[in-house]
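Colleague:
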Amino acid sequence: MPTPVFNRHVAAIKPSITMAVTGKAKEMKSKGIDVVSLSAGEPDFDTPDHIKESAIQAIRDGFTKYTPVPGTPELRAAVAAKFKRENGLDYKPEQILTSIGGKHSCYLAVAALVDEGDEVLIPAPYWVSYPDMVILAGGTPVIMPTTSETDLKITAEQLRAAITPKTKMIILNSPSNPSGAVYSRSELAALGKVLLDSNVYVLSDDIYEHLVYEGEFVNILNAEPKLYDQTIVVNGVAKAYAMTGWRVGYAAGPLPIIKEMSKIQSQQTSNVTSISQKATVQALNGPQDHLAVWKAEYDKRRKHMVERLNAIDGVKCAMPHGAFYVFPDVSAYIGKSYKGKKVTDDVALTDVLIEDFHVATVPGTGFGTPGYIRLSYATSMKEIDTAIDRVAAGLAALS
Ligand code: PLP
Numbered sequence: 019m020p021t022p023v024f025n026r027h028v029a030a031i032k033p034s035i036t037m038a039v040t041g042k043a044k045e046m047k048s049k050g051i052d053v054v055s056l057s058a059g060e061p062d063f064d065t066p067d068h069i070k071e072s073a074i075q076a077i078r079d080g081f082t083k084y085t086p087v088p089g090t091p092e093l094r095a096a097v098a099a100k101f102k103r104e105n106g107l108d109y110k111p112e113q114i115l116t117s118i119g120g121k122h123s124c125y126l127a128v129a130a131l132v133d134e135g136d137e138v139l140i141p142a143p144y145w146v147s148y149p150d151m152v153i154l155a156g157g158t159p160v161i162m163p164t165t166s167e168t169d170l171k172i173t174a175e176q177l178r179a180a181i182t183p184k185t186k187m188i189i190l191n192s193p194s195n196p197s198g199a200v201y202s203r204s205e206l207a208a209l210g211k212v213l214l215d216s217n218v219y220v221l222s223d224d225i226y227e228h229l230v231y232e233g234e235f236v237n238i239l240n241a242e243p244k245l246y247d248q249t250i251v252v253n254g255v256a257k258a259y260a261m262t263g264w265r266v267g268y269a270a271g272p273l274p275i276i277k278e279m280s281k282i283q284s285q286q287t288s289n290v291t292s293i294s295q296k297a298t299v300q301a302l303n304g305p306q307d308h309l310a311v312w313k314a315e316y317d318k319r320r321k322h323m324v325e326r327l328n329a330i331d332g333v334k335c336a337m338p339h340g341a342f343y344v345f346p347d348v349s350a351y352i353g354k355s356y357k358g359k360k361v362t363d364d365v366a367l368t369d370v371l372i373e374d375f376h377v378a379t380v381p382g383t384g385f386g387t388p389g390y391i392r393l394s395y396a397t398s399m400k401e402i403d404t405a406i407d408r409v410a411a412g413l414a415a416l417s
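Using this note's numbering, you'd call the opening residue of the sequence shown number 19 and step up by one each time.
#1: Any idea which residues DSSP pairs Glu-137 with across the strands?
#2: For Thr-3 and Ala-297, what's the separation of their Cα atoms in angstroms?
#3: Quick check on the DSSP output: the beta strand (DSSP E) that includes Ile-276 runs from which residue to which?
#4: Just curious, the alpha helix (DSSP H) that Ala-142 is in, first and last residue?
#5: Three-state secondary structure (DSSP) at Ala-329?
#6: Identify, in the order they occur along the chain, each residue of the same chain with its Cβ nearer than 6 Å to the Cβ of Ser-280, setting aside the five sequence neighbours on each side.
#7: Just how far apart, CA to CA, sit His-68 and Ala-127?
#8: Do Glu-112 and Leu-273 count as a contact pair if the criterion is CB distance below 8 Å?
#9: What is the residue span of the beta strand (DSSP E) that Ala-350 lies within?
#10: In the DSSP assignment, what are the bridge partners of Arg-392?
#11: Rounded to whole angstroms, what is the Cα-Cα separation between Ile-188 and Gly-50?
#12: If the criterion is Cβ atoms closer than 8 Å, does the pair Gln-248 and Tyr-268 meet it?
#13: Any chance you could list the beta strand (DSSP E) runs of at least 3 consecutive residues sitting entirely within the region 78 to 147, in chain order?
#14: I'd like the list of long-range same chain contacts for Ala-96, defined as Cβ closer than 8 Å, with 5 residues on each side in sequence excluded.
#15: Do Gly-119 and the ligand ADP come close, with the Cβ less than 7 Å from some heavy atom?
#16: With respect to the alpha helix (DSSP H) encompassing Gly-412, which residues constitute its N-terminal and C-terminal limits?
#17: What residues are listed by DSSP as bridge partners for Leu-209?
#18: So, using beta-carbon positions, are Gly-59 and Gly-254 closer together than 8 Å?
#19: Got a sec? Which residues, its chain only, sit under 6 Å from Pro-305 by beta carbon, not counting five neighbours each side?
#20: Are the region 39 to 55 and the region 171 to 183 touching, with three or more C-beta to C-beta distances below 8 Å?
#21: On a CA-only basis, which of Asp-215, Ser-192, Tyr-395, Pro-196 is nearest Leu-206? Give me that one, please.
#22: Inspect the beta-carbon positions of Pro-346 and Lys-334 and report whether they are closer than 8 Å.
#23: Measuring only the C-alpha atoms, how far is Ala-410 from Met-261?
#24: Helix, strand or coil: how does DSSP classify Val-344 here?
#25: Answer yes or no: the CB of Gly-254 versus the heavy atoms of the ligand PLP, is any distance below 7 Å?
#26: For a test of the three-state rule: what should DSSP assign to Thr-249, helix, strand or coil?
#27: Per DSSP, what kind of secondary structure is Ser-197 in: helix, strand or coil?
#28: The alpha helix (DSSP H) spanning Gly-41 covers which residue range?
#29: Beta carbon of Cys-124: closer than 7 Å to some heavy atom of the ligand PLP?
#30: Please report the straight-line C-alpha distance between Ile-31 and Tyr-125, rounded to a whole angstrom.
#31: Quick test of your reading: Asp-364 and Pro-388, contact by CB under 8 Å. State the CB separation rounded to the nearest angstrom.
#32: Report whether the distance from the Cβ of Thr-262 to the nearest heavy atom of the ligand PLP is below 7 Å.
#33: Could you tell me the alpha carbon to alpha carbon distance between Ala-129 and Lys-357, rounded to whole angstroms?
#34: Between the Cα of Gln-372 and the Cα atoms of Val-23, Asp-52, Phe-24, which residue gives the shortest distance?
#35: Return yes when at least one heavy atom of the ligand PLP lies under 7 Å from the C-beta of Gly-421, else no.
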């Protein structure tokens, strides 16, 4: 068989590292190894019952056929109402596109706008998928490094300096996966001012909107409404309603952009599963009481995890303000040795942790920030304690 020659953009991307680590942990578990996984970005809570019931009812009612590509009128209206109610943003149902997960929503925005040679600004640490989405579209990801002095956030000056005639888009993600950083209204207003003077589109990924423990969630359009015609807002039900497996995300934006994204989707996946659409209507329109309960639980775990990590010699863990991850700096351990072999980077370090100490974490390199690791606290206190015991033992074993 001839060696396949792949599309050059496909050849240039790599599999999602979070998916890879989570898969490895699952595989080890299936072999009977007791692995504690802090690698997945997935709530440990169950999808609320009223949402499940609506899906069961949809099946019973025979609501099991194709729907319009962008989603049912009922769902698009529910999403538009959510934006008005929770975010003070005005979108008509026609300006909403529902897709198979927030991941596909992000990809479609990139695919619709980014052309060969276009640059896309991506503040680091970033969600693992953004750069590869840009590469797939033929664009060039331009990574904007940050430091702990600015809480791993970019500044307006930095943004101004990074914009070139080739810059097509910036991807903002607040609260951030992996750092948990949350941009304040004034920080977003400062970024917004710079962006208004440019033709740069903003992709605002708000998937962790409901998980802000300190401060408030603000979308850049709340801080700078004049960016409306150059902003696409992405969100979804995965994190807020523990619906990761139902695969529903949505995007809102200027009508011509949403139409173009929908055109791509019509040739790729058609519509979101009809049953998941019914469940999402219920999620958005139904009771929201669980949000405060879950948030309070995550908040306890967040504080506990940060305290425990900072008690480990050489580990520096800032208190994240949102999402459900901590992102400690473990650079003090890079360059040490384990079993006579040098631990050259955070990837090697997380390998030691999973292989020999049976705790799955994700290396910061995957998020464009070497020297850090990401640990999720969307798991029970008991698991968190076991995991941190193992991380501590693993780090102590390095010399
Ligand atoms: N955006 C960020 C920052 C995420 O962390 C995730 C999931 O991990 C997503 C988007 C996509 O979520 P989904 O495709 O499950 O809706």
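Ideal Cβ placement from N, Cα and C applies to all residues, glycine included. Given the structure is predicted, the values throughout are model-derived calculations rather than measurements.
Modeller: If we stick to the structure as given:
#1: Numbered from 1 along the sequence shown, position 119 holds the residue referred to as residue 137. Answer is Thr-158, Thr-185, bridged to Glu-137.
#2: Outside the shown range of the chain (19 to 417) lies residue 3, about which nothing can therefore be said.
#3: The residue given as residue 276 occupies position 258 in the sequence shown. Segment 273 to 286 is the alpha helix (DSSP H) holding Ile-276; no beta strand (DSSP E) there.
#4: Along the sequence shown, read from residue 1 onward, the residue named residue 142 stands at position 124. No alpha helix (DSSP H) holds Ala-142; DSSP gives it neither H nor E.
#5: Locating residue 329 in the sequence shown gives position 311, counting from the first residue. In this structure, Ala-329 counts as coil in the three-state DSSP scheme.
#6: The count along the sequence shown starts at 1 and reaches residue 280 at position 262. Correct list, in chain order: Val-87, Pro-88, Leu-115.
#7: Residue mapping note: residue 68 aligns to position 50 of the sequence shown, counting from 1. Residue mapping note: residue 127 aligns to position 109 of the sequence shown, counting from 1. If I take the Cα positions, the gap works out to 31 Å.
#8: Looking up residue 273 in the sequence shown gives position 255. Looking up residue 112 in the sequence shown gives position 94. Yes, Cβ-Cβ distance for Leu-273 and Glu-112 is below 8 Å.
#9: Here residue 350 refers to the residue found at position 332 of the sequence shown. No beta strand (DSSP E) contains Ala-350, which DSSP labels as neither H nor E.
#10: Walking along the sequence shown from the start, residue 392 turns up at place 374. As computed with DSSP, Arg-392 is found in a beta bridge with Val-380.
#11: Residue 188 sits at position 170 when you count from the first residue of the sequence shown. Residue 50 sits at position 32 when you count from the first residue of the sequence shown. Going by the C-alpha atoms only, they are around 44 Å apart.
#12: The residue labelled residue 248 in the question sits at position 230 within the sequence shown. The residue labelled residue 268 in the question sits at position 250 within the sequence shown. Contact flag unset, no.
#13: Within the region 78 to 147, the complete beta strand (DSSP E) runs of at least 3 residues are 114 to 117, 137 to 141.
#14: By one-based count along the sequence shown, residue 96 stands at place 78. Once the five neighbours on either side are set aside, the close Cβ partners of Ala-96 are Thr-298, Val-299, Leu-302, Asn-303.
#15: With respect to the ligand ADP, the structure shown offers nothing to examine, as its ligands consist of the ligand PLP.
#16: The residue given as residue 412 occupies position 394 in the sequence shown. Segment 399 to 414, the alpha helix (DSSP H) holding Gly-412.
#17: On the sequence shown, residue 209 is found 191 positions in, with the first residue counted as 1. Answer is none; Leu-209 lacks a bridge partner.
#18: Looking up residue 59 in the sequence shown gives position 41. Looking up residue 254 in the sequence shown gives position 236. The criterion of a C-beta distance shorter than 8 Å is not satisfied by Gly-59 and Gly-254.
#19: Numbered from 1 along the sequence shown, position 287 holds the residue referred to as residue 305. Nothing meets the Cβ criterion.
#20: Contact between the region 39 to 55 and the region 171 to 183 is absent, because fewer than three Cβ pairs lie under 8 Å.
#21: Taking the first residue of the sequence shown as 1, we reach residue 206 at position 188. Taking only the C-alpha atoms, the option nearest Leu-206 is Ser-192.
#22: Reading the sequence shown from its first residue, position 328 is the one you call residue 346. Reading the sequence shown from its first residue, position 316 is the one you call residue 334. Yes. Within cutoff.
#23: Residue 410 sits at position 392 when you count from the first residue of the sequence shown. Residue 261 sits at position 243 when you count from the first residue of the sequence shown. Ala-410 and Met-261: Cα-Cα distance of roughly 32 Å.
#24: Along the sequence shown, read from residue 1 onward, the residue named residue 344 stands at position 326. Note: Val-344 maps to strand in three-state DSSP.
#25: The count along the sequence shown starts at 1 and reaches residue 254 at position 236. True, at least one ligand heavy atom lies under 7 Å from that Cβ.
#26: Locating residue 249 in the sequence shown gives position 231, counting from the first residue. Strand, per DSSP.
#27: Locating residue 197 in the sequence shown gives position 179, counting from the first residue. If DSSP states are grouped into helix, strand and coil, Ser-197 belongs with coil.
#28: For the purposes of this step, residue 41 is taken as the residue at position 23 of the sequence shown. Per DSSP, the continuous alpha helix (DSSP H) segment holding Gly-41 begins and ends at 35 to 48.
#29: Along the sequence shown, read from residue 1 onward, the residue named residue 124 stands at position 106. Answer for Cys-124: yes, Cβ within range of the ligand PLP.
#30: What you label residue 31 is simply residue 13 of the sequence shown in a count that begins at 1. What you label residue 125 is simply residue 107 of the sequence shown in a count that begins at 1. Rounded to the nearest angstrom, the gap between the Cα atoms of Ile-31 and Tyr-125 is 14 Å.
#31: As a working mapping, residue 364 is identified with position 346 in the sequence shown. As a working mapping, residue 388 is identified with position 370 in the sequence shown. Confirmed, about 6 Å.
#32: Here residue 262 refers to the residue found at position 244 when the sequence shown is read from its first residue. Yes, the Cβ of Thr-262 comes within 7 Å of a heavy atom of the ligand PLP.
#33: Along the sequence shown, read from residue 1 onward, the residue named residue 129 stands at position 111. Along the sequence shown, read from residue 1 onward, the residue named residue 357 stands at position 339. Taking the straight line joining both Cα atoms gives about 46 Å.
#34: Position 354 of the sequence shown, counted from the first residue, corresponds to residue 372. Per the sequence shown, the amino acid found at residue 372 is Ile instead of Gln. Nearest option by C-alpha distance: Asp-52.
#35: This structure leaves residue 421 out entirely; the chain is present only between 19 and 417.
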